[in-house]
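Those protein sequence lines, which keep their order, are chains A and B. Its first residue numbered 33, the first sequence is counted upward by one per residue in the working numbering. Its first residue numbered 53, the second sequence is counted upward by one per residue in the working numbering.
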Amino acid sequence: MANTENIEAKLAAYVDGELDASERAEIEQHLAANPQHRKLIEELRVARQYLRQLPREQAPPDVAEALNAQLRAGGAAR
Amino acid sequence: VKLASSQGQATTASSRAEDAELFRRAQNGDRNAFGQIVQLYQDRVYNAVLRLVGDRDDARDLTQETFTRALVKIDTFRGEAQPYTWLFRIALNLSIGELRKARRHRTISLDAGGNGESSAARSSANDQQGAALKDRLSRDGAAGPDDQVEQREQNAAVLAALDRLDAEYRAVLVMRDVEGFDYQQMADLLGLPLGTLKSRLFRARIALRDELRPYMEGRGKC
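Right, dumping it as structure tokens:
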């Protein structure tokens, strides 16, 4: 179980480009010998990229308006 | 106090120090300072909450609730965390609570058919999500250039996939890929050991990939 968690943690960091050179080389050696795993990692990176490309949305004006009214009324009970 | 919508985000050390000063003034009862905190962070909080819960009305209400609670709890801000991280923790807890509540409702609704998460129920749910996807695309208005249409389709597919994930998976993906938190910040926010956090992130990435598989296959990415 702990070993599985370690492997998953290392793969997460590999997908994010957060491993040091020796750890990265270790993973890449494994992936070179395992095309299925290499394909999985590529797909995870594509999905990650999709997520990062979502647009940033702005808060609707009524968020500030409601809080503004709350502050004018004296704020929340403290 | 006049609040306006802005895309303000604190990213530099100096702006973080200025924001911490705003928090200190708000702690001393300066309502103008709290108004500036709302102005600085409302868009970032709203966007994070929207990606967490997936519904604009819920995101609006939860963003308001985040700042209301922040005002009540402002005295508990000690400056160990960055101001935004302190706010985000409130928003995250509210959003996860909302997601779990919504998920319970969804499960009860499916169970009412007698089959729980049966393939028939799942298929029906997917049909509804497909209809919602088409609806979302049609609401985006007239078709623009192909790449814009493609980007909108991609965004809609990602949002629909996120919507099908458990709260725990959704939270780590949004924290990492939307909010840009580092692993240690995420582990601290979720109260998890670092290794467990990274393992959960890996599983969440696989779950997202699984949900996106039909879309990715359609684009030759699978």
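We put the beta carbon where it would ideally sit given N, CA and C, even for glycine.
Exercise for the section: Would you kindly report the start and end of the unbroken alpha helix (DSSP H) that includes Phe233 (chain B)? Expected result: Taken as a continuous stretch (DSSP letters only), Phe233 (chain B) belongs to no alpha helix (DSSP H), as it is neither H nor E.
Handout entry: Distance between Ala154 (chain B) and Arg77 (chain B) (C-alpha atoms, nearest Å)
Key = Using only the alpha carbons, I get a separation of about 37 Å.
Practice task
Please go through the same chain and pick out, in chain order, the residues whose beta-carbon is closer than 7 Å to the beta-carbon of Glu150 (chain B), but skip the five residues on each side of it.
Solution key: Val105, Asp110, Leu114
Problem - Close-in-space but distant-in-sequence residues of the same chain around Ala213 (chain B) (CB under 7 Å, 5 per side omitted) - result: Leu260, Glu263, Leu264
Exercise for the section: Indicate whether at least one CB of chain B lies closer than 8 Å to the CB of Ala105 (chain A). Expected result: no
Practice task
Compute the distance between the beta-carbons of Ala64 (chain A) and Leu253 (chain B), then report whether it is under 8 Å.
Solution key: no
Problem - Nearest neighbour of Glu97 (chain A), chosen from B:Gln91, B:Asp234, B:Ile148 [CA to CA] - result: B:Gln91
Handout entry: Cβ neighbour criterion (16 or more within 10 Å) applied to Lys42 (chain A)
Key = By the neighbour-count rule (16 or more Cβ atoms within 10 Å), Lys42 (chain A) is buried.
Exercise for the section: Identify which residue in B:Met238, B:Tyr267, B:Leu123 has its Cα closest to the Cα of Ala223 (chain B). Expected result: B:Met238
Practice task
Output yes or no for whether 8 Å exceeds the beta carbon distance between Arg103 (chain B) and Ala79 (chain A).
Solution key: Contact: no.
Exercise for the section: Check the Cβ of Arg84 (chain A) against every Cβ in chain B and list those closer than 7 Å, keeping chain order. Expected result: Asp229
Handout entry: Which of helix, strand or coil DSSP assigns to Leu123 (chain B)
Key = helix
Problem - Nearest candidate by alpha-carbon position, reference Gln102 (chain A), set B:Gly270, B:Glu205, B:Asn84 - result: B:Asn84
Practice task
Specify, as a first and last residue, the run of the alpha helix (DSSP H) that Asp71 (chain B) falls within.
Solution key: Start and end: 65-79.
Practice task
Go through its chain and collect everything with a Cβ distance to Val226 (chain B)'s Cβ below 7 Å, but skip five positions before and after it.
Solution key: Ala100, Arg103, Leu104, listed in sequence order.
Exercise for the section: Evaluate Pro93 (chain A) with the Cβ neighbour count: other Cβ atoms within 10 Å of its Cβ, from every protein chain shown; 16 or more gives buried, anything less gives exposed. Expected result: exposed
Exercise for the section: Give me the Cα-Cα distance between Leu146 (chain B) and Leu99 (chain A), rounded to the nearest whole angstrom. Expected result: 17 Å
Problem - Contact set for Glu231 (chain B): own chain, Cβ-Cβ below 6 Å, skip 5 residues either direction - result: Around Glu231 (chain B), the same chain offers Ala100 as residues with beta carbons nearer than 6 Å, after the five sequence neighbours per side are excluded.
Practice task
Using a Cβ cut-off of 8 Å (strictly closer), state whether Asn99 (chain B) contacts chain A.
Solution key: yes
Handout entry: Thr36 (chain A) burial status per 10 Å Cβ neighbour count (16 or more: buried)
Key = exposed
Practice task
Can you grab the Cα-Cα spacing for the pair Asp234 (chain B) / Leu246 (chain B), in whole Å?
Solution key: 11 Å
Exercise for the section: Ignoring anything shorter than 3 residues or poking outside the stretch 38-83 of chain A, list the beta strand (DSSP E) runs there in chain order. Expected result: Under the rule that a run must span 3 or more residues, no beta strand (DSSP E) segment is found entirely inside the stretch 38-83 of chain A.
Practice task
Using 10 angstroms around the beta-carbon of Asp218 (chain B), count the other beta-carbons present and answer buried if the total reaches 16, otherwise exposed.
Solution key: exposed
Exercise for the section: Specify, as a first and last residue, the run of the alpha helix (DSSP H) that Met268 (chain B) falls within. Expected result: 246-270
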